[in-house]
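Participant: Just so you know, we're using the numbering used here here: the sequence shown kicks off at 34 and counts up by one. Have a look at this one.
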Amino acid sequence: MDKAIAAYTAKWFSKGLIAAEVAAIRGDISLQDDHFKVRIVRDDTEVVAAYLVDEHALELRVRLPADWPLARLVVSGPKRVGVDEERWRRWVLGVQHGAGRVVERLGVFKRNVQGHFEGQVECAICYSVIGVVDGTLPTRPCRTCRNGFHGACLYKWFSTSHSSSCPLCRSDMV
Numbered sequence: 034m035d036k037a038i039a040a041y042t043a044k045w046f047s048k049g050l051i052a053a054e055v056a057a058i059r060g061d062i063s064l065q066d067d068h069f070k071v072r073i074v075r076d077d078t079e080v081v082a083a084y085l086v087d088e089h090a091l092e093l094r095v096r097l098p099a100d101w102p103l104a105r106l107v108v109s110g111p112k113r114v115g116v117d118e119e120r121w122r123r124w125v126l127g128v129q130h131g132a133g134r135v136v137e138r139l140g141v142f143k144r145n146v147q148g149h150f151e152g153q154v155e156c157a158i159c160y161s162v163i164g165v166v167d168g169t170l171p172t173r174p175c176r177t178c179r180n181g182f183h184g185a186c187l188y189k190w191f192s193t194s195h196s197s198s199c200p201l202c203r204s205d206m207v
């Protein structure tokens with residue numbers, strides 16, 4: 034019985050609903066800005082939302098199944114940089130299980146990502162918000178000057194300078 038309902042919905046309703054969702058996403062100019070880009074791929078059934086930080090892209094893929102809205106959105110995050118696993122999982126679940134249209138869910142995702150990266154200061158060693166080596170934020174602060182550094186950048190600094198001092202204020206960091 035469930036398969037028959039899903040097949041009936043896919044045949045008579047889902048194509049029009051998916052087309053309406055895709056049109057709403059294409060028409061919502063508030064989703065697009067310098068850092069956040071949304072594009073439609075795979076025969077208008079998959080949405081790719083990418084947030085650019087420095088030269089890194091945080092990416093979320095949302096696929097609308099053939100029997101949507103009976104079936105859940107298929108959400109994956111192939112590129113997760115600068116965000117811890119637990120927070121990323123909450124964002125993905127918010128898009129997958131959230132209420133409202135897909136365009137509204139993408140708007141919530143965009144606000145979450147922007148709020149996360151807003152006010153982040155670049156690492157004073159590599160001059161990047163996202164670490165080149167491990168894709169993390171600068172979370173290792175100096176106790177004196179309060180500047181943040183990536184752990185990998187500090188490791189390289191300590192090993193090449195043969196010192197455990199802050200690269201900016203030269204106070205001891207260990």
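The beta-carbon is built from N, C-alpha and C at its ideal position, and this holds for glycine as well.
(1) Starting from Leu126, trace the alpha helix (DSSP H) both ways and give me its first and last residue.
(2) Could you check whether the region 181-188 touches the region 161-168, counting it as contact only if at least three pairs of C-beta atoms, one from each stretch, sit closer than 8 Å?
(3) DSSP on His195, reduced to helix/strand/coil?
(4) Would DSSP call Val165 helix, strand or coil?
(5) Would you call the region 133-148 and the region 84-98 touching, i.e. three or more CB-CB distances under 8 Å?
(6) For Ala43, which of helix, strand or coil comes out of DSSP?
(7) So, with DSSP's three-state summary, where would you put His149?
(8) Taking one C-beta from the region 99-106 and one from the region 127-140 each time, how about it: are there three or more such pairs within less than 8 Å?
(9) Looking only at its own chain, which residues have a Cβ that is under 6 Å from the Cβ of Lys70, when we skip the five neighbours before and after it?
(10) Hey, how far is the Cα of Val74 from the Cα of Glu137?
(11) Can you name, in chain order, every residue of its own chain whose Cβ lies under 7 Å from the Cβ of Lys112, other than the five neighbours on each side?
(12) Drop a sphere of 10 angstroms on the beta-carbon of Val154, count the other beta-carbons inside from all chains shown, and report buried for 16 or more, exposed for fewer.
Facilitator: Judging by the given coordinates:
(1) The residue you call residue 126 lines up with position 93 of the sequence shown. Element bounds for Leu126: 118-130.
(2) Enough Cβ pairs lie closer than 8 Å, so yes.
(3) Stepping through the sequence shown from its first residue, residue 195 is reached at position 162. Here His195 sits in coil by DSSP.
(4) Mapped onto the sequence shown, residue 165 falls at position 132. Of the three classes helix, strand and coil, the one that applies to Val165 here is coil, per DSSP.
(5) yes
(6) Mapped onto the sequence shown, residue 43 falls at position 10. Helix at Ala43.
(7) Mapped onto the sequence shown, residue 149 falls at position 116. Helix at His149.
(8) yes
(9) For this step, residue 70 is matched to residue 37 along the sequence shown. Taken in chain order, the residues that qualify are Ala83.
(10) In the sequence shown, the residue the question calls residue 74 occupies position 41. In the sequence shown, the residue the question calls residue 137 occupies position 104. Taking the straight line joining both Cα atoms gives about 19 Å.
(11) Locating residue 112 in the sequence shown gives position 79, counting from the first residue. Cβ neighbours of Lys112 beyond the five flanking positions: Ala90, Leu91, Glu92.
(12) Translated into the one-based positions of the sequence shown, residue 154 becomes position 121. With fewer than 16 other Cβ atoms within 10 Å, it is exposed.
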